[in-house]
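Presented below is the structure to which this report refers.
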Amino acid sequence: MALWGRRSLGALRLWGPGGERPGPVRAPQSPQSRVWRPVCAGADGDIAELIRVRACQKVVVMVGAGISTPSGIPDFRSPGSGLYSNLQQYNIPYPEAIFELDFFSHNPKPFFTLAKELYPGNYRPNATHYFLRLLHDKGLLLRLYTQNIDGLERVSGIPTSKLVEAHGTFASATCTVCRRSCPGEDFWADVMADRVPCCPVCTGIVKPDIVFFGEPLPQRFLLHVVDFPMADLLLILGTSLEVEPFASLSEAVRSTVPRLLINRDLVGPFTWRPRSRDVTQLGDVIHSIERLVELLGWTEEMQDLVQRETGKLDRQDR
C-alpha cells in the first residue's frame, strides 16, 4: 500500500507526506455548522450525550495537521519562518523533495534539519491531544489514526497500542542499506549535533521510520480493517481528508454510526456524500474541543489531566 506519487505534492505539510484525493467537481454544500446534533434529530440525542451515557464505547478517531497547529509547529514551506530559511541553504528544488527517497539518498541533511525541529520536547500537546488522552483513560478510545509525525499523541500519554501513525514515526529508525532497526533515541544525539546518523554496522544512512513518497504505509495501518467496522462513533479532527489512503477511512464505518467532524471547513464526504447521522462543528478546533469537553461534563477532569501532564513535562525539561 503506497502513497500516491507526484499528484500528492500540493497536499504535503510538515506533518507527513501523502497524495491528494482526485475526484469529480461537485456542487458546494452549505457550510452551516450543525452543533453537536445529528442531521436527523430525534431519540439519538446529541453526540455529547451519546458519549456521556456510554452509548458509544468504541470510538475511532482520525486526526490531521489541524490538531497540531495550535502547539506552534511551523509549516516548513512558509517563507518567513525560521525553519523555511534554514532549509533554503540546501538549495532544495521544492520543499517536498525532502520526503523523496532519491533526494534523501543524495542529500539527507535537509530532512534531518526538519527532524531537529521536531525533536521531542520542542513542542507540547494541546487541549485536543489531552481530550483524546481522556477518551483513552475512560476506556472509550478504540484507536487513534493520525497523519501527524510530530509525536504529540505519544507525548500526551496515549499508549502506542492505541495509535496508528499512518505516516510513520520518529520513535524508531531503519538503516537504508542493511535494514537494521533501532530505537529513535539512538540517532537523536547525531541529529541534535547536526550530523547525519549512520548505521554502526554498515555505515549506511539511518532514516527515521517516516513514510516517504512511494513507500508503503506501516503495517499497523491494516488495523483499520478491524477497527472501523467495530466503531460506534467516528471523530474526525483537523484534517482536510485529501490524502489517500487515509482519507477513505472516513467512509469505512457502518452507515448507522455517527460521524463528528471538527474542522475549519467542510471536507471529504461531509461535503459531497453526507449521512443522516453526520455532525459538523466548523471553526477553531481547540475552541470546539473545549466546548465538547464542557458538554460532556469533563472540564474538571480535563484541567486536572493537563496540569498533571504539564508538570511531568516541566520536570523532564529541567
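For the sequence shown, counting from 1, position 238 maps to 284 in my numbering; every step adds exactly one.
Using N, Cα and C, we set each Cβ at its ideal position, and we do this for glycine too.
Problem - Stretch pair the stretch 299-315 + the stretch 183-201: three plus CB contacts closer than 8 Å - result: no
Practice task
Go ahead and pull the three-state DSSP assignment for residue 189.
Solution key: strand
Exercise for the section: Given a cut-off of 9 Å, decide if residue 194 and residue 109 are closer than it, judged by their beta-carbon atoms. Expected result: yes
Handout entry: Spatial neighbours of residue 202 in its chain, beta-carbon cut-off 6 Å, leaving aside the 5 residues before and after
Key = Taking C-beta separations shorter than 6 Å and ignoring five residues to either side along the sequence, the partners of residue 202 in its chain run 171, 175, 176 and 179, following chain order.
Exercise for the section: Return the bridge partner residues of residue 276 from the DSSP annotation. Expected result: Answer is none; residue 276 lacks a bridge partner.
Problem - Start-to-end residues for the alpha helix (DSSP H) that takes in residue 199 - result: 198-201
Problem - C-alpha gap between residue 222 and residue 330, whole angstroms - result: 40 Å
Problem - residue 60, DSSP secondary structure in three states - result: With a pLDDT of only 38 at residue 60, under the threshold of 50, the placement of this residue in the model should not be trusted, and no figure is reported.
Problem - Backbone secondary structure at residue 296 - three-state DSSP - result: helix
Exercise for the section: Taking 8 Å as the threshold, find out whether the stretch 224-236 comes into contact with the stretch 246-256 through three or more Cβ pairs. Expected result: yes
Handout entry: Buried or exposed (CB count within 10 angstroms, at least 16 for buried), residue 206
Key = exposed
Problem - Supposed contact pair residue 93 and residue 306 - C-beta distance, whole angstroms, cut 8 Å - result: 5 Å
Problem - Per-residue DSSP class, three states only, for residue 141 - result: In the structure shown, the three-state DSSP call for residue 141 is helix.
Problem - Proximity test, residue 304 beta-carbon vs the ligand PLP heavy atom, cut-off 8 Å - result: Absence of the ligand PLP from the depicted structure is noted, as is the absence of any ligand whatsoever, leaving it without description.
Problem - Reduced DSSP category for residue 222 - H, G, I as helix; E, B as strand; rest coil - result: Three-state result, residue 222: coil.
Handout entry: Beta-bridge partners of residue 211, as assigned by DSSP
Key = Partner residues in the beta bridge of residue 211, as assigned by DSSP, are 192.
Practice task
Tell me whether the beta-carbon of residue 325 lies closer than 9 Å to the beta-carbon of residue 173.
Solution key: no
Practice task
Can you have a look at residue 69 and say buried or exposed, based on whether 16 or more other CB atoms are within 10 angstroms of its CB?
Solution key: Bear in mind that a pLDDT of 37 at residue 69, under 50, signals an unreliable position, so the number given afterwards is only what the model happens to contain. Flag for residue 69 reads exposed.
Handout entry: residue 349 versus residue 364 - alpha carbon distance
Key = In a straight line, the C-alpha of residue 349 is about 23 Å away from that of residue 364.
Handout entry: Which of helix, strand or coil DSSP assigns to residue 239
Key = Residue state, collapsed to three classes: coil.
Problem - Proximity of residue 208 and residue 188 at Cβ, strictly below 9 Å - result: yes
Exercise for the section: Out of 97, 191, 243 and 190, point me to the one whose CA is closest to residue 156's CA. Expected result: 243
Practice task
Closer than 6 Å by C-beta to residue 96: which residues in its own chain qualify, once you throw out the five before and the five after it? Chain order, please.
Solution key: 102
Exercise for the section: Output the distance between the C-alpha atoms of residue 277 and residue 106, rounded to the nearest integer angstrom. Expected result: 6 Å
Exercise for the section: Pull up the CB-CB distance for residue 133 and residue 159, whole angstroms please, since I reckon it's below 8 Å. Expected result: 6 Å
Problem - Where the alpha helix (DSSP H) through residue 184 begins and ends - result: Run containing residue 184: none; DSSP gives neither H nor E here.
Problem - Assigned secondary structure, residue 290 (DSSP; H/G/I helix, E/B strand, else coil) - result: strand
Problem - Per-residue burial, residue 357 [other beta carbons within 10 Å of its own, 16 or more giving buried] - result: With fewer than 16 other Cβ atoms inside 10 Å of its own Cβ, residue 357 counts as exposed.
Problem - Distance CB(residue 258)-CB(residue 146) smaller than 9 Å - result: yes
Handout entry: Whole-angstrom distance between residue 314 and residue 288, CA atom to CA atom
Key = 7 Å
Exercise for the section: Measure from the alpha carbon of residue 152 to the alpha carbon of each residue in 136, 166, 165 and 164, then state which is nearest. Expected result: 136
Handout entry: CB contact flag (residue 104, residue 186, <9 Å)
Key = yes
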